[in-house]
Amino acid sequence: MASRQSDSTRRDAGPARLLEVQRLGLVPYGVALQLQARLVEQRRAGLVPDQLLLLEHPHVITLGSSARQEHVLVDETERRLLGIELHEAGRGGDVTYHGPGQLVGYPILDLKPDRCDLHRYMRDLEEVLLRALAAFAIRARRRAGFTGVWVDHQKIAAIGVRVSSGWITSHGFALNVAPRLEYFGAIVPCGITDHGVTSMARVLGGPVSLAEVADALAESMLQVFDYGSIA
Amino acid sequence: MARIDVPMPQMGESIAEGTVSKWLKQVGDAVARDEPLLEISTDKVDAEIPAPAAGTLAEIVVGEGKTVEVGTVLAYIETEKGAAAKPEAKAPAPPTAEAPKPEAPKGEPKVAPPPAAAAQPPAPARPVREAAPVEAARPAARPAVVAARAEPEPRGDGRTETAEERLRRRSTPLVRRIAAEHGVDLTEIEGTGYAGRVTKQDILSYLEQRARAPVVPARAAAPAAAPVEGVILADHFWEIFHGQVRHPEFPARPADRLEPMDRIRRLTADHMVRAKRVAPHVHSFIEVDFTQIDRIRQKNRSKWEQQGVKVSYTAFVAWAAAQTLLEFPRVNATISGESVLFRGEINVGIAVDLDPGLIVPVVRNADELNVVGIAKRINDLAQRARERKLKPEEIQGATFSITNPGVLGTLVGMPIIPEGTAAILGTGAIEKKPVVMELDGTDVIAIRKRALFSLGYDHRLVDGADAARFLARLKHVLEGFPEDGI
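So the sequences go chain by chain: A and B. Add 501 to the 1-based position in the first sequence for this note's numbering, that's all there is to it. Add 1008 to the 1-based position in the second sequence for this note's numbering, that's all there is to it.
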């Protein structure tokens, strides 16, 4: 443990970038928000290395800073009966749905000194997702002007990010591995009305292991962000 | 005293503008250096902008919701000597030379004021803390990937696969497909990927090499044993099991009517299938004598009416169940992964018929309420359930449930255990019945009010004897309800 600490504090000076991957299972949205806030503080203080949290949320609709109420399509009663929570997210973007079967990744990274560019960060996250999907022989792509990752004209992964004081990132991406797609009917995803959503399970026509997708994501984070090793 | 600009920062090379989404400080507020001052948003990103210097927020130029170009002045901060020394300044900013350098931000080309570090000296400034407090501060999270993978896993051939072999074998499906097509045993390949796993590149260069190398007679039995597709890992198994519920379709006949399920029906349908798939259901029954409780209800009816509360049999049952659960933590628990999750609260879900549809509002901390208290909660929840006015938290978090098919005359039911709980109690119709009882040593036939109860329980967690003890205790609590207990 002591050596890990020295690795992470050395990071600014040398090449030893370190990523710690935490697999947390099913985590309520509010709990994940608190955990992220704590890790952002700790990352800023240099107490922990860069983090990648991989988890699932119970059904929840989250509102980004540019969210429009009319993009939540269910009324409150219906939402409650469906057991879907509603949360302000404190990230960029519009309305998003999260639920079981969707793999959510929250990278808590210090972008200093050489990655202080928000657009680059989002393109990098897209790259992570594209590579992970390629490992499953899914050919996905970017679409100019629409952050996220797409298969044909359907969204397979959404991105919404927050950068806190000190270039510390939180929030991140949500990859549809095998979620119940009909729940997306409760929202207009990211305010984009004319395109649907899809999932890896649908594209591949069979079950997909969340654990394997998590492995692939950790691996492509390693490549794209150029980490020396995983803690 | 100096007036410092707070410009819209350049947050990325291709970012030309930003929207002020929220001012975190108001005019007149004191700000510490690097303290978050406002939030801006661009595209899919929210970013906190820290104060470039300590002082007082003197003027806000760009209001919330406005979009401006990079470099536009958003606000002004008045710095004053000694401002940073004010007691409210939190963790006294690291020794980053607090000397007011008004022009500093403009001096540095494009990394101007954004997030703190721009102003910090490059490397050594970061304080290196001691190891012990670090450990304490770390969140109690699961161990990282590598550790999680270390356990050996039994292999098909009976011998235990080493962690290393398993890591190598665990490669992406694409790589596995290539391996299967070419009859390659992945453990033979030196992986360069994450945790030593075999990447696509690895296997392609391996194949290329193999093609060039002279054909070696190859170890006889080996490759066939590669347990790639045959073994279903536990997590994979559960994923298939939990996967989207598919309801079989049936051909419609001419006079039939096909009506799509509404969302609530669909949800209920899926929940019931999943609940029953996962938990092995067992039901046990017991007959409960309600004569005593009936007497108590008669006696107090007018008093309760004056208080405007209707105390149903269900209120007594919920109270007794909560008290009994205190003694049976295993019935107030659930299996979660490889563990048993004992619930810290006793929250009793009460099924309410909406006709059509059903909802299960929750009486929280039912063990802390008396019978009348529970009755009030149930009346309130049931009323608002019918008016569709329940709050989300009022239908979540049940640790045990009660359903009352008896209210419609049913003898008793065998209810399905809601996901994430260990048991559900079904209460049958309360009816007058002739019962053989012993009175002063003589057998007599008496007319008593009786009902059948059924307890549906998850047999993974609750054994038959547990359930029997639970039901016997519940019966005892209900039948022995003290006359003056209200």
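Note that beta-carbon positions come from the ideal geometry of N, C-alpha and C, so glycine has one too.
Under 9 Å between beta-carbons, which chain B residues line up against F726(A)? List them in chain order, please.
For this step, residue 726(A) is matched to residue 225 along the first sequence. Ordered by position in chain B, no residue passes the 9 Å Cβ test against F726(A), which lies about 12 Å from the chain.
On the CB-based measure, 16 or more other CB atoms within 10 Å of its CB, does S721(A) come out buried or exposed?
Working through the first sequence from its first residue, we reach residue 721(A) at position 220. The residue in question, S721(A), is buried, as its Cβ has 16 or more Cβ neighbours within 10 Å.
What is the rounded straight-line gap between the Cα of L1377(B) and the Cα of I1386(B)?
Within the second sequence, numbered from 1, the residue matching residue 1377(B) stands at position 369. Within the second sequence, numbered from 1, the residue matching residue 1386(B) stands at position 378. Roughly 12 Å separates the two Cα atoms.
In chain order, what residues of the same chain lie with their CB nearer than 6 Å to the CB of Q552(A), ignoring the 5 residues before and after it?
In the first sequence, counting from the first residue as 1, residue 552(A) sits at position 51. If we look at Q552(A) and ignore the five residues flanking it on each side, its Cβ neighbours are E521, L540, I609.
Output needed for H1279(B): all residues of its chain with C-beta closer than 8 Å, excluding positions within five of it in sequence on either side, in chain order.
Position 271 of the second sequence holds residue 1279(B). Result list for H1279(B): P1426, E1427, in chain order.
Please confirm whether D1388(B) has its beta-carbon closer than 8 Å to some beta-carbon of chain A.
In the second sequence, residue 1388(B) corresponds to position 380, counting from 1. False, the Cβ-Cβ gap to chain A never drops below 8 Å.
Anything in chain B within Cβ reach of D618(A), meaning under 7 Å, just list it in chain order.
Along the first sequence, one-based indexing puts residue 618(A) at 117. Simply G1020, E1021.
Would you tell me roughly how many angstroms separate the C-alpha atoms of E1096(B) and A1040(B), rounded to the nearest one?
As a first step, residue 1096(B) must be located in the second sequence, where it is residue number 88. As a first step, residue 1040(B) must be located in the second sequence, where it is residue number 32. Bear in mind that a pLDDT of 41 at E1096(B), under 50, signals an unreliable position, so the number given afterwards is only what the model happens to contain. Rounded to whole angstroms, E1096(B) to A1040(B) spans 8 Å at the Cα level.
With 16 as the cutoff for other CB atoms within 10 Å, does D1508(B) come out buried or exposed?
With chain B represented from 1009 up to 1494, any question about residue 1508(B) goes unanswered, as that position is not in the structure.
Which runs of the alpha helix (DSSP H), 4 residues or longer, sit entirely within the stretch 574-649 of chain A?
For the stretch 574-649 of chain A, whole alpha helix (DSSP H) runs of length 4 or above, ordered along the chain, are 577-582, 619-635.
Kindly confirm or deny that the stretch 1340-1360 of chain B and the stretch 1394-1413 of chain B touch, where touching means at least three C-beta pairs closer than 8 Å.
In short, these stretches touch, since the Cβ pair count reaches three.
Which residues, taken in chain order from the stretch 565-584 of chain A, show a beta carbon closer than 9 Å to some beta carbon of chain B?
So the list reads G565, S566, S567, V575, E577, T578, E579, R580, R581, L582, L583, G584, given in the order they occur along the chain.
Would you kindly check if the distance between the Cβ of M1016(B) and the Cβ of L1065(B) is under 8 Å?
Within the second sequence, numbered from 1, the residue matching residue 1065(B) stands at position 57. Within the second sequence, numbered from 1, the residue matching residue 1016(B) stands at position 8. Against a cut-off of 8 Å, the Cβ pair of M1016(B) and L1065(B) comes out as no contact.
For a contact meaning CB atoms closer than 8 Å, what does V664(A) contact in chain B?
Position 163 of the first sequence, counted from the first residue, corresponds to residue 664(A). Result: M1019, V1053, D1054, A1055, E1056, P1123.
Rounded to the nearest angstrom, what separates K1399(B) and L723(A) at their Cα positions?
The residue you call residue 1399(B) lines up with position 391 of the second sequence. The residue you call residue 723(A) lines up with position 222 of the first sequence. Going from the Cα of K1399(B) to the Cα of L723(A) covers about 43 Å.
At which residue ranges does the stretch 1018-1057 of chain B contain complete beta strand (DSSP E) runs of 3 or more residues, listed in the order of the chain?
Whole beta strand (DSSP E) segments, 3+ residues: 1025-1031, 1044-1050.
Strictly below 7 Å CB to CB, what residues from chain C border I1304(B)?
Included in the structure are the protein chains A and B, with no chain C among them.
With a cut-off of 8 Å, does the C-beta of R621(A) fall near any C-beta of chain B?
Within the first sequence, the letter at position 120 stands for residue 621(A). Closer than 8 Å: yes.
Straight-line CA distance for D1193(B) to A1187(B)?
The residue you call residue 1193(B) lines up with position 185 of the second sequence. The residue you call residue 1187(B) lines up with position 179 of the second sequence. For D1193(B) and A1187(B), the distance between alpha carbons rounds to 7 Å.
Distance, Cα to Cα, T1207(B) vs R1184(B)?
Taking the second sequence and counting its residues from 1, one reaches residue 1207(B) at position 199. Taking the second sequence and counting its residues from 1, one reaches residue 1184(B) at position 176. Rounded to the nearest angstrom, the two C-alpha atoms are 10 Å apart.
Is any beta-carbon of chain B found at less than 8 Å from that of G661(A)?
Counting from one through the first sequence, the residue named residue 661(A) turns up at place 160. For G661(A), the answer is yes, since a Cβ of chain B falls inside 8 Å of its Cβ.
Given this structure, state the Cα-to-Cα distance separating K1311(B) from R1305(B), to the nearest angstrom.
Looking up residue 1311(B) in the second sequence gives position 303. Looking up residue 1305(B) in the second sequence gives position 297. Distance between the alpha carbons of K1311(B) and R1305(B): 10 Å.
Grab me the residues of G697(A)'s own chain with a C-beta within less than 7 Å of its C-beta, minus the 5 sequence neighbours each way, in chain order.
In the first sequence, residue 697(A) corresponds to position 196, counting from 1. Closer than 7 Å at the Cβ level, and outside the excluded window around G697(A), lie Q655.
Locate the beta strand (DSSP E) running through Q524(A), then write down its first and last residues.
Position 23 of the first sequence, counted from the first residue, corresponds to residue 524(A). At residue 524(A) the sequence reads Arg, which differs from the Gln that was named. Looking at the DSSP string, the run of the beta strand (DSSP E) that includes R524(A) is 519-527.
Could you check how far apart the C-beta atoms of S1292(B) and L1479(B) are, in whole angstroms? I think they sit under 8 Å.
For the purposes of this step, residue 1292(B) is taken as residue 284 along the second sequence, with counting starting at 1. For the purposes of this step, residue 1479(B) is taken as residue 471 along the second sequence, with counting starting at 1. Yes, they are in contact, since the Cβ atoms of S1292(B) and L1479(B) sit about 6 Å apart, within 8 Å.
By the criterion of Cβ-Cβ separation under 8 Å, what are the contact partners of Q586(A) in chain B?
Taking the first residue of the first sequence as 1, we reach residue 586(A) at position 85. Here residue 586(A) is Glu; the residue named in the question, Gln, does not match the sequence. Simply P1400.
Check whether the Cβ atoms of K1052(B) and I660(A) sit closer than 8 Å, and answer yes or no.
Your numbering for residue 1052(B) matches position 44 in the second sequence. Your numbering for residue 660(A) matches position 159 in the first sequence. Yes.
If you drop the 5 nearest sequence neighbours on each side, which residues of the same chain put their C-beta closer than 7 Å to that of A568(A)?
The residue labelled residue 568(A) in the question sits at position 67 within the first sequence. So the list reads D595, V596, once near-sequence residues are dropped.
Can you give the Cα-Cα distance for R703(A) and A636(A), rounded to whole angstroms?
Locating residue 703(A) in the first sequence gives position 202, where the first residue counts as 1. Locating residue 636(A) in the first sequence gives position 135, where the first residue counts as 1. About 16 Å.
Ordered along the chain, which non-local residues of its own chain (more than five positions away) have a Cβ less than 7 Å from that of A1283(B)?
The residue given as residue 1283(B) occupies position 275 in the second sequence. Same-chain partners within the cutoff: I1424, I1425, P1426, E1427.
Using DSSP with H/G/I as helix, E/B as strand and the rest coil, what is L1366(B)?
Here residue 1366(B) refers to the residue found at position 358 when the second sequence is read from its first residue. Three-state result, L1366(B): strand.
Examine chain A for any beta-carbon lying closer than 8 Å to the beta-carbon of L1275(B), and answer yes or no.
Within the second sequence, numbered from 1, the residue matching residue 1275(B) stands at position 267. Interface residue, yes.
Should P1256(B) be labelled buried (16 or more other beta-carbon atoms within 10 Å of its own) or exposed?
Looking up residue 1256(B) in the second sequence gives position 248. Its Cβ having fewer than 16 others within 10 Å, P1256(B) is exposed.
Please report whether the beta-carbon of P1369(B) lies at a distance below 8 Å from any beta-carbon of chain A.
As a first step, residue 1369(B) must be located in the second sequence, where it is residue number 361. With 8 Å as the cut-off, P1369(B) does not count as an interface residue toward chain A.
Using a Cβ-Cβ distance under 8 Å, would I1197(B) count as near chain A?
The residue labelled residue 1197(B) in the question sits at position 189 within the second sequence. I1197(B) does not count as touching chain A.
Do you know offhand how far L1460(B)'s Cα is from P1413(B)'s?
In the second sequence, residue 1460(B) corresponds to position 452, counting from 1. In the second sequence, residue 1413(B) corresponds to position 405, counting from 1. Each residue's alpha carbon lies about 11 Å from the other.
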